[in-house]
Structure formats: structure tokens, C-alpha cells
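Following the working numbering from start to finish, the sequence shown increments by one per residue and tops out at 997. Quick reminder that beta carbons are idealized off the backbone N, C-alpha and C, glycines included. Only a predicted model underlies this, so the values are computations on that prediction, with no experimental measurement involved.
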Amino acid sequence: SLAWAGTHGSVIADYTKYSTEFTFASTHPTVVSDATKYSTQLTNAARLAPELKVIEANPALFASAAKYPAGKVPAALAAKLLAAAGGGTKGATILATIDKNASAIAGILAVPPSVFTTVAPYSAQLTALAAVPKPVVAAVTAATPELTALSKVPPAVSAYVTAHGTAVGTAAADVAGQWKTWFWICFGGLIVFLFSIPLLRGRWRTRDAKRDEDEHEAMVQAELAKLQAEGAA
765 SLAWAGTHGS VIADYTKYST EFTFASTHPT VVSDATKYST QLTNAARLAP ELKVIEANPA
825 LFASAAKYPA GKVPAALAAK LLAAAGGGTK GATILATIDK NASAIAGILA VPPSVFTTVA
885 PYSAQLTALA AVPKPVVAAV TAATPELTAL SKVPPAVSAY VTAHGTAVGT AAADVAGQWK
945 TWFWICFGGL IVFLFSIPLL RGRWRTRDAK RDEDEHEAMV QAELAKLQAE GAA
């Protein structure tokens, strides 16, 4: 986690900057999913709110009107629709907007009502989330496992990484090749040692070394005997 943090400072900075938005997305996946799936319908619903309100208040009238081709609605039914829409110029404008946006309204009405109930309370949070740059969202989403693991690192360690992230990243990148460097250094030392063997003094066989030791001991004893003889005289 620390090595990853050292080489992905920009991702961590973006995640920190938009932490409120990303936290909301992670804790409200259904809301975000519905808002994304039905984004067009939700946008149209907000734009056509007055018209939808009239339709929802008068479902039977609009169901009857839907049975007729455009411009063929009976006068009596048309009068009721105008009155239901508020009458006068206001009602006529609403009805004209409904007629013009018939396809969009049909799409809105096809959305499960529970979607609007689920999404409505989080309009502000969804607006803030939508304002996050798409490249940032993509980068943070791709790094979700790493960011989750990093969040479990103790605060004291995280503070160190924040202050020394570049150095940690550099060290993590260097460590992969450092063992090779030391391997070749040791290998070179071994070669030097092998070629220096002829220059070293000493016996290389235990038999020869034992003979030297015996000869040395005999010489010491002879010298001791000589000294003792001189002392006795």
C-alpha cells in the first residue's frame, strides 16, 4: 500500500479533494446506480415537473386523450384537459408542452416510481458527484482496491507517507534492482579472492600444517632443554 501510494500521489490527491463525493457514492451505490441508469428520465422529469404534476393529478383524462391521434381529441375532452391544466394561456402552454414532449414523458412514466423516491432526497449530493471530472472518477474507481487497503494503514504511517511519499516510491522502485547490484559486487569479490589465493601464505593441507606444528614444538623443546642445561651449569 505504501509503495503504491508513493507512485500514485495524484490519485490520492484527487480522492482526498473529492472525498465527500466519493464517500457518498460508496455508501449509496443504489442511489448512484439509479441516477446513472435513468439520468435522461430524471433530467426530463425535473424539466417537465409542472406538466407531470398535471398528468399525475388527472390520469383518467390523459388516458382518454391518449386514445386519439394528435389534433383529433374531441372538443369536450379537450376543454376538460385545458381546465385541468389551469385554463387560459397557462393551461394551453402546459398542454402544448405535454404534446411536444410526449416521447420524453412516456419515458419518464416508464421508470419505476421507487427510483424517484430513492433519488429525490440526494439531489445535492448527486449534483456534486456529477461535477467531479470524469478522468478523476475513472482513475479513482480503477484504484478502489488500493485506496481501500491504504485507508487501513495507521494514521501515523499515512502521515509519514504524505510527507515522504516520493522518497518511499523511489525506494520501492529501486529495491527491485538493488539485490542485483550487491550480487555482482559479491561475485566480483569472490573472483578477486580466488585469484589472490596463490599470494596467501600458509598450509592448505592439514597434514602439512601438522608437520609444521610438530617441527615447531620440537624446536621449542630443544631450546628449553638447552636453557635448562645452561642453568644447571
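Taking only runs of the alpha helix (DSSP H) that begin and end inside the region 871 to 925, which ones reach a length of at least 4 residues, in chain order?
Counting only runs that start and end inside the region 871 to 925, the alpha helix (DSSP H) elements of at least 4 residues fall at 877 to 883, 887 to 894, 898 to 906, 908 to 915.
For residue 892 and residue 838, I'd like the C-alpha separation in whole angstroms.
Answer to the nearest angstrom: the Cα atoms are 47 Å apart.
Taking 9 Å as the threshold (C-beta atoms), are residue 816 and residue 879 in contact?
Taking 9 Å as the cut-off, the beta carbon of residue 879 is found no closer than this to the beta carbon of residue 816.
Spell out a yes or no on whether the region 893 to 906 and the region 767 to 784 are touching, meaning 3 or more CB-CB pairs, one atom from each, closer than 8 Å.
Touching, yes, given that three or more Cβ pairs across the two stretches are closer than 8 Å.
Residue 859 and residue 845 - do their beta-carbons sit closer together than 9 Å?
It is a contact, given that the beta carbons lie within the stated cut-off.
Compute every distance between the C-beta of residue 892 and the non-hydrogen atoms of the ligand NAP, then say whether any falls below 8 Å.
The ligand content of the structure shown is nil, which means the ligand NAP is not present either.
By Cβ distance, which residues of its chain are closer than 8 Å to residue 778, with the 5 residues on each side in sequence left out?
Closer than 8 Å at the Cβ level, and outside the excluded window around residue 778, lie 900, 903, 904.
If we count the other Cβ atoms within 10 Å of its Cβ and call it buried at 16 or more, is residue 914 buried or exposed?
Buried, because 16 or more other Cβ atoms sit within 10 Å of the Cβ of residue 914.
Rounded C-alpha distance that separates residue 808 from residue 867:
So the two alpha carbons sit approximately 11 Å from each other.
What span of residues does the alpha helix (DSSP H) with residue 996 cover, start to end?
Here the alpha helix (DSSP H) through residue 996 covers 970 to 996.
Looking only at its chain, what residues have a beta carbon closer than 6 Å to the beta carbon of residue 849, apart from the 5 residues adjacent to it on each side?
Residues 818, 855, 858, 859 of the same chain have their beta carbon placed closer than 6 Å to that of residue 849, with the five preceding and five following residues left out of the count.
Do the region 818 to 837 and the region 934 to 946 touch if we need at least three Cβ pairs shorter than 8 Å?
Proximity of the region 818 to 837 to the region 934 to 946 falls short of the contact definition, fewer than three beta-carbon pairs being nearer than 8 Å.
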